[in-house]
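Notes to accompany the following structure.
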Amino acid sequence: MFVRSIRAAFAALLLCLASTAVLAQSGYTQTRHPIVLVHGLLGFDSLLGVYDYWYGMPSELRAGGARVYVADVSASNFSEVRGEQLIRQLDSLRAIHGHAKFNLIGHSHGGPTIRYVAAVRPDLVASVTSIGAPHTGSKVADALDTTLPAGSPLRPLVAGFVNALSGFIEFLSGSRDPQNALGALASLSSRGAADFNRRFPQGMPATACGQGAAVVNGIRYYSWGGTAVLTNVLDAGDPLLGAGSLFFGFEQNDGLVGRCSSHLGVVLRDDYPWNHLDQVNQVLGLTRWFTPDPKSVLRAHANRLKNAGL
Numbered sequence: 004m005f006v007r008s009i010r011a012a013f014a015a016l017l018l019c020l021a022s023t024a025v026l027a028q029s030g031y032t033q034t035r036h037p038i039v040l041v042h043g044l045l046g047f048d049s050l051l052g053v054y055d056y057w058y059g060m061p062s063e064l065r066a067g068g069a070r071v072y073v074a075d076v077s078a079s080n081f082s083e084v085r086g087e088q089l090i091r092q093l094d095s096l097r098a099i100h101g102h103a104k105f106n107l108i109g110h111s112h113g114g115p116t117i118r119y120v121a122a123v124r125p126d127l128v129a130s131v132t133s134i135g136a137p138h139t140g141s142k143v144a145d146a147l148d149t150t151l152p153a154g155s156p157l158r159p160l161v162a163g164f165v166n167a168l169s170g171f172i173e174f175l176s177g178s179r180d181p182q183n184a185l186g187a188l189a190s191l192s193s194r195g196a197a198d199f200n201r202r203f204p205q206g207m208p209a210t211a212c213g214q215g216a217a218v219v220n221g222i223r224y225y226s227w228g229g230t231a232v233l234t235n236v237l238d239a240g241d242p243l244l245g246a247g248s249l250f251f252g253f254e255q256n257d258g259l260v261g262r263c264s265s266h267l268g269v270v271l272r273d274d275y276p277w278n279h280l281d282q283v284n285q286v287l288g289l290t291r292w293f294t295p296d297p298k299s300v301l302r303a304h305a306n307r308l309k310n311a312g313l
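Okay, here's the thing in structure tokens:
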């Protein structure tokens, strides 16, 4: 019995490897326009060139033929500031490589960041895809804003700590982008998100928890999110996300973002059994067993973009 189980497992592994090879040869993820991955709050492209924010995901896309760039913007700042930084990077990529447009994929605060770019520079964007992004704000940000109101002596102290942490992350990623923790808090709060949506409504649902327009100004909009919190006992991020989930009451959430807040454009799915970090295959790929693989979901989306001529 044991030998048969080992043989079955080995056969499954060979089948998986063969399938991966076939996908790579067939150009499964080979989109017309390059894919650009944009990190969220306290994020990065790669720490010391060794540890990736999008853990294992760029290589999965490239294996299928995709051209992939990983952006690096401020770890903490206003959505608009991060968006302007991204625009400069896209303009540089266009000038150097001759790309016409880009498929932007943003996680968490990367969602509003890429929305800003699509709104002010639609000539650069073929599609916008947000993953676990707080488009109507995060209740965790609201709680922090209430606990540390303007004028509170603790507010600048906490902001200083987050700015220092953000700066250290930038140093490890080889960048020197400016940091503004209070700017990030303002952007991620419900009040800040409402103001942002008023100025940049493209792709936003017209009704609570609905879907937004699939295409705006020739740009396609997609989104997905998760509704699990504690997903792997070995994941160091789970306790923090468990604490964050307490601010949502009975609302389904991923530890930082509510289910409906993640909606933008065509909602592909809003209840993946992932928490906020699982969505980008963090930490170290420790997601819940027997659930969809975040890398496979992103790969399938790249194929979706390819089939849409993007």
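When we follow the working numbering, the leftmost residue of the sequence shown carries the number 4, and every step to the right adds one.
For each residue, glycine too, the CB sits at the ideal point set by N, CA and C.
- Closest by C-alpha distance to residue 180, out of 115, 251, 89, 195, is 89.
- Listed as beta-bridge partners of residue 55 by DSSP are 49.
- For residue 307, the uninterrupted alpha helix (DSSP H) run begins and ends at 297-310, by DSSP.
- If only complete runs of 3 or more residues are kept, the region 80-135 shows the beta strand (DSSP E) at 105-110, 128-134, in order along the chain.
- If you draw a straight line from the Cα of residue 259 to the Cα of residue 148, it is about 14 Å long.
- Residue environment: residue 127 is assigned as buried (16 or more neighbouring CB atoms within 10 Å of its CB, all protein chains considered).
- Taking C-beta atoms under 8 Å as the contact rule, residue 305 and residue 32 qualify, at a distance of about 4 Å.
- By the C-beta density criterion, residue 253 is exposed, having fewer than 16 other C-beta atoms within 10 angstroms.
- When secondary structure is reduced to three states using DSSP, residue 271 falls in the strand class.
- In terms of Cβ geometry, residue 185 and residue 112 do not form a close pair [threshold 8 Å].
- Judged by beta-carbon spacing, residue 109 lies within the 8 Å limit of residue 133, meaning their Cβ atoms are closer than that value.
- The region 198-210 and the region 264-274 touch, with three or more beta-carbon pairs separated by less than 8 Å.
- Selection 299, 168, 243, 275 evaluated against residue 78 yields 168 as nearest (Cα-Cα).
- If you ignore the 5 residues before and after residue 237, its C-beta comes within less than 6 Å of the C-beta of 289, all in its own chain and listed in chain order.
- Listed in chain order, the non-local C-beta contacts of residue 294 below 6 Å within the same chain comprise 276, local neighbours out to five positions each way being set aside.
- Residue 218 is classed as exposed because its beta carbon has fewer than 16 other beta carbons within 10 Å across all chains shown.
- A distance of 8 Å or more separates the beta carbons of residue 215 and residue 125.
- Around the beta carbon of residue 164, a 10 Å sphere encloses fewer than 16 other beta carbons of the protein chains shown; the residue is thus reported as exposed.
- Between residue 130 and residue 223, the alpha-carbon positions lie close to 5 Å from each other.
- Annotation: residue 170 to residue 225 spans about 31 Å, alpha carbon to alpha carbon.
- Rounded to whole angstroms, the separation of the alpha carbons of residue 190 and residue 160 is 19 Å.
- In the structure shown, residue 229 falls within a strand segment according to DSSP collapsed to helix, strand and coil.
- The residues 30, 32, 33, in chain order, have a CB closer than 6 Å to that of residue 68 in the same chain once the five nearest residues on each side in sequence are set aside.
- It is roughly 10 Å from the alpha-carbon of residue 105 to the alpha-carbon of residue 72.
- In the displayed model, residue 235 falls within coil according to three-state DSSP, outside both helix and strand.
- Residue 41 sits away from residue 93, with the two beta carbons spaced by 8 Å or more.
- The continuous alpha helix (DSSP H) containing residue 143 extends over residues 142-150.
- Annotation for residue 248: 232, 256, 258 place their beta carbon closer than 7 Å to its own, counting only its chain and skipping 5 residues before and after.
- Straight across, the Cα-Cα distance linking residue 230 with residue 241 is about 13 Å.
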